[in-house]
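Report on the structure given below.
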């Protein structure tokens, strides 16, 4: 399911890049904002995945992972709320907003799940949760690369 | 062994300059964004600080006087005051950040919010300055700070392509997706951090605290040439581990936990434990260095009795200043201001203080009335003059670059 | 007058003053000059130290500001700068040595206040830790 979202995202984004890039300055601004947002959240997600990797190999302690995942979640939520407050200039931007929003939603939900599991001490469940975030990460990176 | 224990003034000074809380994170940020393409700045910074710390230490050993004493005497009361205001402000902001930094390290170990540790940390910093003998202090925190060598072990364990790392470091270029202004902003940040003024205030005043004389010039040189290069190596190891692990993942470093991540992946729980001890020691050491430097520079500018070698009652104003600085620093951190960001912005003030600190040192290190046969040689003078020009350029460029890049964002 | 000839700005102003025990007394923030009526060279009769003296040297708004605060914060009987007559000066080198202890000179009232109201109230203030 997540993979499907990523593929859909990729097609959608490629379509917009090749087909209907608006020359309008505000539109370009919005795309840049979307790209930077995706880049920042991708960074938090990648951090959490590396942390889960360490957890899976029994390389990190609970308190450390709890801080790491808590920070990643907090950063992602802050970026999400900043992006949501930006006004999309037109219908093209609306579509982009929808795509970015879906990815941000699944990223923050995934990070929250990881944080909850970690603070319950169930560190061995982290790698599985992290795996589910990988397709989101791919989508975010794709957006970040195309709108920089 | 006894000889080795004597180098910890230099080690502690360097740790406070190169791997305090701001630089722990900044080095990882730089590694994750620019790889090793800014390594040359660290080398330039190490050479520069060695040059001037050696002069300030030599002057302190020969004349028994701390650096700020000379700043006032050579620049006069007005320019001296400008330096005092700028450098005290940087030092104070750094002190606040370090108190937060120690608390952040405790948070990594316990996952209890760092804010709860701030009052305890502030008390401990003050208590160590109040009660602990100077040499015990520098040895304890300098030695524990060596735990940061875990970064170097992790780097080795990660098994990098050393040739490629060396190529990155020796052929610096701005990576794709990064602008030139941002690159130069970070270059100036790293250089400014390596040469931050409180290092020479602390090092020279520490030399006086330890009662160094002309006979200790060898020890002085050993301290400089062991301590600062070690600081540079630690910085480089941090940047390299994050270049290897975080850069390929596109991770933008913002927090201390991310700085530790490559080492955790390479060395596991033991590596993490050692690293946290190193974080605590380095940030605590930096807190001591900056708290004392605040007192040293103010006391020396105004001619007060200062230092830990007399009873606190005989250096009452000095101890009052240190106490007030620690309390205000803790209060500043308790406003939930991000300790890491605080040190980034203190750069502006650091820039003003840099030339005004290093110029008087160079003048006095050449003055035969003070130095007799220990005055500077020609090579040292030529190098130091070059660095003064560089420092002035850096001072002028720092503020415009900071505004242009929104502090490197 | 002791008849020592020195470059005032280079060898006296802003230097550290220490007492017989080697403890810091203050900086030479300013000096008191006497210009003889017979036209012979002016000479220094006293070293002035403390914020009031420094304020006069700084001049300008900054000096006025410092002067105002140091005056406002001091007791009415002590608004004059600390004064050390040149007769007490035994040595003018990289630091200035005077033939009295800090207590006897009585020029650092702020130090006394910091000691009395803050430092002596904290346990351990009387012991040096070497």
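Chains as they are written, first to last, in our numbering: chain A, 1 to 148; chain B, 1 to 409; chain C, 1 to 130. The beta-carbon is built from N, C-alpha and C at its ideal position, and this holds for glycine as well.
Asked                                                                                                                     : Found
Counted within 10 angstroms of its Cβ, other Cβ atoms place residue 183/B as buried (16 or more) or exposed               : buried
Rounded separation between residue 157/B and residue 230/B - CA only                                                      : 20 Å
Reduced DSSP category for residue 122/C - H, G, I as helix; E, B as strand; rest coil                                     : coil
Segment contact flag, the region 90 to 100 of chain A with the region 65 to 72 of chain A, C-beta cutoff 8 Å, min 3 pairs : no
Candidates 96/B, 275/B, 362/B: closest to residue 384/B by CA position                                                    : 362/B
Buried versus exposed, by CB contacts within 10 Å (16 or more), residue 57/A                                              : exposed
Enclosing beta strand (DSSP E) for residue 31/C [first to last residue]                                                   : 30 to 34
According to DSSP, residues forming a beta bridge with residue 46/C                                                       : 32/C, 85/C
Cα-Cα separation between residue 59/B and residue 47/B, rounded to whole angstroms                                        : 19 Å
Buried/exposed call for residue 36/C, threshold 16 Cβ in 10 Å                                                             : exposed
Pick from 226/B, 326/B, 189/B, 221/B that is closest to residue 123/B, judged by C-alpha positions                        : 326/B
DSSP-derived helix/strand/coil call for residue 26/C                                                                      : strand
Neighbour flag for residue 100/A against chain B, beta carbons, 9 Å                                                       : no
Chain-ordered neighbours of residue 30/A on chain B, where CB pairs are closer than 9 Å                                   : Here the premise fails: no neighbours, minimum Cβ distance about 18 Å.
Sub-9 Å separation of residue 233/A and residue 47/A beta-carbons                                                         : Residue coverage of chain A in this structure runs from 1 to 148, which leaves residue 233/A outside it and unanswerable.
Contact list for residue 310/B against chain E, beta-carbon separation under 7 Å                                          : Absent here is chain E; the protein component of the structure consists of chains A, B and C.
Nearest to residue 137/A (by Cα), restricted to the options 88/A, 125/A, 40/A                                             : 40/A
Where the beta strand (DSSP E) through residue 97/C begins and ends                                                       : 95 to 98
Limits of the unbroken alpha helix (DSSP H) element including residue 16/C                                                : Segment 16 to 18 is the beta strand (DSSP E) holding residue 16/C; no alpha helix (DSSP H) there.
Euclidean distance between Cα positions of residue 25/B and residue 283/B                                                 : 12 Å
Assigned exposure category for residue 199/B - 16 Cβ within 10 Å defines buried                                           : buried
Members of the region 111 to 127 of chain B that neighbour chain C once the beta carbon cut-off is set at 9 Å             : none
Residue 402/B, enclosing alpha helix (DSSP H) - first and last residue                                                    : 378 to 404
Residue-level contact to chain A via CB, residue 476/B, 9 Å cutoff                                                        : Because chain B is modelled from 1 through 409, residue 476/B falls outside the range shown and cannot be assessed.
Contact set for residue 30/B: own chain, Cβ-Cβ below 7 Å, skip 5 residues either direction                                : 38, 186, 190, 239
Member of 357/B, 389/B, 358/B, 298/B whose CA lies at the smallest distance from the CA of residue 26/C                   : 298/B
Presumed contact (8 Å Cβ cut-off) between residue 351/B and residue 389/B, rounded CB distance                            : Residue 351/B to residue 389/B, Cβ: 15 Å. No contact.
Cβ-Cβ separation, residue 84/C to residue 49/C (assumed contact under 8 Å), whole Å                                       : 7 Å
Range covered by the alpha helix (DSSP H) that runs through residue 137/B                                                 : 134 to 145
CB contact check: residue 314/B to chain C, cutoff 9 Å                                                                    : yes
C-alpha distance - residue 66/C paired with residue 204/B, whole-angstrom precision                                       : 29 Å
Segments assigned beta strand (DSSP E), at least 3 residues, entirely inside the region 47 to 97 of chain A               : none
Residue 336/B in three-state terms, based on DSSP                                                                         : coil
Cβ neighbour criterion (16 or more within 10 Å) applied to residue 80/C                                                   : exposed
Pair within 9 Å by beta-carbon distance, residue 101/B and residue 15/B                                                   : no
For residue 296/B, the first and last residue of its enclosing alpha helix (DSSP H)                                       : 256 to 302
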